[in-house]
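Following: one structure in C-alpha cells, then a few remarks.
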Amino acid sequence: GPQDETVLSRDMELAHTSLMRIDQSSTIINKRFNLWKEQFDVFVDREGTLTCRGRLTNANLTTEIKYPVLLERRSTIALLIVKDCHVRDRHGGVNSTLTEVTS
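Position 88 of the sequence shown, counting from 1, maps to 417 under this note's numbering, and the rest follow consecutively.
Put into C-alpha cells, the structure is as follows:
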C-alpha cells in the first residue's frame, strides 16, 4: 500500500545519500580537494554530502539543481550515473548523454 511506497522512497533516499558520502570519502583525501573546495565553493550539506555553491544560489530552482553534489570525474558513482543516463537516453551520443546527466 501507500505506506510501503513511502518507506521504500525513504530507504532509497538514505541509500542514495550513503552511497554519495562513501564515494566522496576518497574525494576529501585527493590532493586536489583544496583547489576544488575553493574553485567550486564546496560545503557540506545537511545530509553530510559535499555540494557546490554557484551562480544559481538565488535562482528559483530546486536545491539539487542549485547545489550540485561534488563527484570526481572518474568516481564509481559518476560513472554509474553517466552509464544510466546513456541507457535511458537510448544510447544517444556524447552531447545527448551530457544533457541527460546535467538535467
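No residue lacks a Cβ here, since even glycine has one placed at the ideal position from N, Cα and C.
Check whether the segment 349-367 and the segment 390-404 are in contact - that is, three or more C-beta pairs closer than 8 Å.
Segments in contact, yes.
7 Å CB neighbourhood of R417 in its chain, flanking five on each side removed:
Short of 7 Å from the beta carbon of R417, and not among the five residues preceding or following it, lie these beta carbons of its own chain, in chain order: E429.
Smallest Cα separation from I410: which of N363, A388, T426, G422?
The residue among N363, A388, T426, G422 with its C-alpha nearest the C-alpha of I410 is T426.
Using 9 Å as the threshold, is the C-beta distance between G377 and K395 below it?
Going by C-beta atoms, G377 is not nearer than 9 Å to K395.
Range of the contiguous beta strand (DSSP E) that encloses F372
According to the DSSP assignment, F372 belongs to the beta strand (DSSP E) that extends over 371-373.
For T356, the three-state DSSP class (helix, strand or coil)
In the three-state reduction of the DSSP assignment, T356 falls in the helix class.
For K412 and G422, what's the separation of their Cα atoms in angstroms?
In a straight line, the C-alpha of K412 is about 12 Å away from that of G422.
Per DSSP, what kind of secondary structure is L379 in: helix, strand or coil?
Reduced to three states, the DSSP call for L379 is strand.
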